[in-house]
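Read left to right, the sequence shown gives residues -6 to 138 (our numbering). No residue lacks a Cβ here, since even glycine has one placed at the ideal position from N, Cα and C. All values reported here derive from a predicted model rather than from experimental measurement.
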Amino acid sequence: MLSLSDMQDIVLPASPPLWPPAPGFWVMLALLVVLIVSLLRWRRRVRRRNAYRKAGAALLASAGTVHEVSVTLKRVALAAWPRETVASLHDAEWAGFLNDTCQQCNFEAGVWKNGSEAADRALIENASIWIRKHTRAATGNVPDV
(Lines of atoms letter the chains of each structure in order from A and count residues from 1; the text may use other names and numbers.)
(Lines give C-alpha, C1' and ligand atoms only; values in the text may rest on other atoms or scores of the structure.)
Protein backbone atom coordinates (compact mmCIF):
# COMPACT_ATOMS: atom_id res chain seq x y z
CA MET A 1 0.00 0.00 0.00
CA LEU A 2 1.25 3.46 -0.93
CA SER A 3 1.45 6.19 1.54
CA LEU A 4 1.17 9.86 0.93
CA SER A 5 4.66 10.42 2.21
CA ASP A 6 6.10 8.45 -0.72
CA MET A 7 4.54 10.81 -3.29
CA GLN A 8 6.56 13.56 -4.97
CA ASP A 9 5.50 16.93 -6.30
CA ILE A 10 4.70 17.33 -10.00
CA VAL A 11 7.60 18.88 -11.87
CA LEU A 12 6.39 21.43 -14.43
CA PRO A 13 8.43 21.97 -17.58
CA ALA A 14 10.01 25.36 -18.14
CA SER A 15 7.77 27.87 -19.92
CA PRO A 16 8.58 28.31 -23.60
CA PRO A 17 10.74 31.33 -24.39
CA LEU A 18 9.15 34.39 -25.99
CA TRP A 19 12.13 34.90 -28.27
CA PRO A 20 12.84 33.70 -30.93
CA PRO A 21 9.29 33.26 -32.18
CA ALA A 22 8.15 30.25 -34.14
CA PRO A 23 8.63 30.14 -37.93
CA GLY A 24 4.90 30.64 -38.47
CA PHE A 25 5.20 34.05 -36.84
CA TRP A 26 7.79 35.16 -39.42
CA VAL A 27 5.61 33.91 -42.28
CA MET A 28 2.58 35.78 -40.93
CA LEU A 29 4.68 38.91 -40.39
CA ALA A 30 5.99 38.79 -43.98
CA LEU A 31 2.45 38.32 -45.34
CA LEU A 32 1.23 41.24 -43.24
CA VAL A 33 4.02 43.49 -44.54
CA VAL A 34 3.26 42.50 -48.15
CA LEU A 35 -0.45 43.19 -47.59
CA ILE A 36 0.18 46.62 -46.05
CA VAL A 37 2.60 47.64 -48.81
CA SER A 38 0.12 46.45 -51.46
CA LEU A 39 -2.74 48.42 -49.88
CA LEU A 40 -0.62 51.56 -49.66
CA ARG A 41 0.44 51.30 -53.31
CA TRP A 42 -3.17 50.70 -54.40
CA ARG A 43 -4.38 53.73 -52.41
CA ARG A 44 -1.63 55.92 -53.86
CA ARG A 45 -2.53 54.81 -57.40
CA VAL A 46 -6.22 55.57 -56.82
CA ARG A 47 -5.41 59.00 -55.37
CA ARG A 48 -3.18 59.86 -58.32
CA ARG A 49 -5.76 58.61 -60.79
CA ASN A 50 -8.45 60.81 -59.24
CA ALA A 51 -6.34 63.91 -58.48
CA TYR A 52 -7.90 65.73 -61.44
CA ARG A 53 -11.32 65.35 -59.80
CA LYS A 54 -10.11 67.09 -56.66
CA ALA A 55 -8.56 69.90 -58.71
CA GLY A 56 -11.78 70.25 -60.70
CA ALA A 57 -13.86 70.51 -57.53
CA ALA A 58 -11.58 73.27 -56.29
CA LEU A 59 -11.96 75.14 -59.59
CA LEU A 60 -15.72 74.69 -59.50
CA ALA A 61 -15.86 76.27 -56.05
CA SER A 62 -14.51 79.52 -57.52
CA ALA A 63 -16.69 79.46 -60.65
CA GLY A 64 -19.38 82.11 -60.65
CA THR A 65 -20.76 82.26 -64.19
CA VAL A 66 -22.17 79.63 -66.53
CA HIS A 67 -19.11 80.06 -68.75
CA GLU A 68 -16.72 79.44 -65.84
CA VAL A 69 -18.64 76.28 -64.90
CA SER A 70 -18.45 75.07 -68.50
CA VAL A 71 -14.71 75.82 -68.69
CA THR A 72 -14.14 73.95 -65.44
CA LEU A 73 -16.07 70.92 -66.70
CA LYS A 74 -14.17 71.04 -69.99
CA ARG A 75 -10.82 71.10 -68.15
CA VAL A 76 -11.84 68.11 -66.06
CA ALA A 77 -13.05 66.26 -69.15
CA LEU A 78 -9.79 67.00 -70.97
CA ALA A 79 -7.91 65.38 -68.10
CA ALA A 80 -9.86 62.14 -68.54
CA TRP A 81 -10.59 61.94 -72.27
CA PRO A 82 -8.46 62.56 -75.36
CA ARG A 83 -8.54 66.13 -76.67
CA GLU A 84 -10.07 64.99 -79.98
CA THR A 85 -13.10 63.63 -78.12
CA VAL A 86 -13.82 66.60 -75.87
CA ALA A 87 -12.38 69.85 -77.24
CA SER A 88 -14.82 70.40 -80.12
CA LEU A 89 -18.00 69.73 -78.10
CA HIS A 90 -20.35 72.64 -77.37
CA ASP A 91 -24.00 73.37 -76.52
CA ALA A 92 -26.22 70.30 -77.11
CA GLU A 93 -23.28 67.99 -77.89
CA TRP A 94 -21.49 69.11 -74.73
CA ALA A 95 -24.59 68.58 -72.58
CA GLY A 96 -25.13 65.17 -74.21
CA PHE A 97 -21.54 64.17 -73.51
CA LEU A 98 -21.86 65.20 -69.86
CA ASN A 99 -25.14 63.30 -69.50
CA ASP A 100 -23.75 60.20 -71.26
CA THR A 101 -20.71 59.99 -68.99
CA CYS A 102 -22.65 60.38 -65.74
CA GLN A 103 -25.99 58.66 -65.19
CA GLN A 104 -26.87 60.90 -62.23
CA CYS A 105 -26.47 64.16 -64.17
CA ASN A 106 -29.10 65.97 -66.18
CA PHE A 107 -27.59 68.91 -68.07
CA GLU A 108 -29.89 70.83 -70.40
CA ALA A 109 -28.57 71.85 -73.81
CA GLY A 110 -29.66 75.49 -73.54
CA VAL A 111 -27.94 76.16 -70.23
CA TRP A 112 -24.62 77.00 -71.94
CA LYS A 113 -26.00 79.71 -74.26
CA ASN A 114 -25.92 82.57 -71.73
CA GLY A 115 -22.34 82.25 -70.52
CA SER A 116 -22.16 85.60 -68.77
CA GLU A 117 -25.11 84.87 -66.47
CA ALA A 118 -24.47 83.85 -62.89
CA ALA A 119 -24.53 80.10 -62.46
CA ASP A 120 -27.51 78.91 -60.48
CA ARG A 121 -27.24 76.47 -57.62
CA ALA A 122 -28.71 73.58 -59.65
CA LEU A 123 -26.06 73.93 -62.36
CA ILE A 124 -23.20 74.04 -59.86
CA GLU A 125 -24.62 71.05 -57.97
CA ASN A 126 -25.02 69.12 -61.23
CA ALA A 127 -21.45 70.01 -62.23
CA SER A 128 -20.18 68.92 -58.83
CA ILE A 129 -21.94 65.56 -59.19
CA TRP A 130 -20.45 65.14 -62.68
CA ILE A 131 -16.93 65.84 -61.42
CA ARG A 132 -17.28 63.30 -58.63
CA LYS A 133 -19.23 60.55 -60.39
CA HIS A 134 -18.43 60.56 -64.12
CA THR A 135 -17.05 57.39 -65.63
CA ARG A 136 -13.56 58.02 -66.88
CA ALA A 137 -12.38 57.01 -70.33
CA ALA A 138 -10.30 53.85 -70.49
CA THR A 139 -7.72 55.52 -72.73
CA GLY A 140 -7.64 58.87 -70.96
CA ASN A 141 -4.71 61.20 -70.53
CA VAL A 142 -4.37 60.48 -66.81
CA PRO A 143 -1.57 58.00 -66.07
CA ASP A 144 -2.40 54.97 -63.93
CA VAL A 145 0.95 54.89 -62.18
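| Asked | Found |
| --- | --- |
| Buried or exposed by the 16-neighbour rule on C-beta atoms within 10 Å, applied to GLY49 | buried |
| Cβ contact check for the segment 103 to 117 and the segment 68 to 75: 3 or more pairs under 8 Å | no |
| For ALA88 and ALA111, the rounded distance between their alpha carbons | 18 Å |
| Same chain only: Cβ atoms within 7 Å of TYR45, ignoring 5 sequence neighbours per side | VAL69, ALA72, ALA73 and VAL135 |
| Nearest-angstrom Cα separation, counted from PRO16 out to GLU77 | 58 Å |
| Inter-stretch contact (C-beta, 8 Å, three-pair minimum) for the segment 118 to 128 and the segment 89 to 105 | yes |
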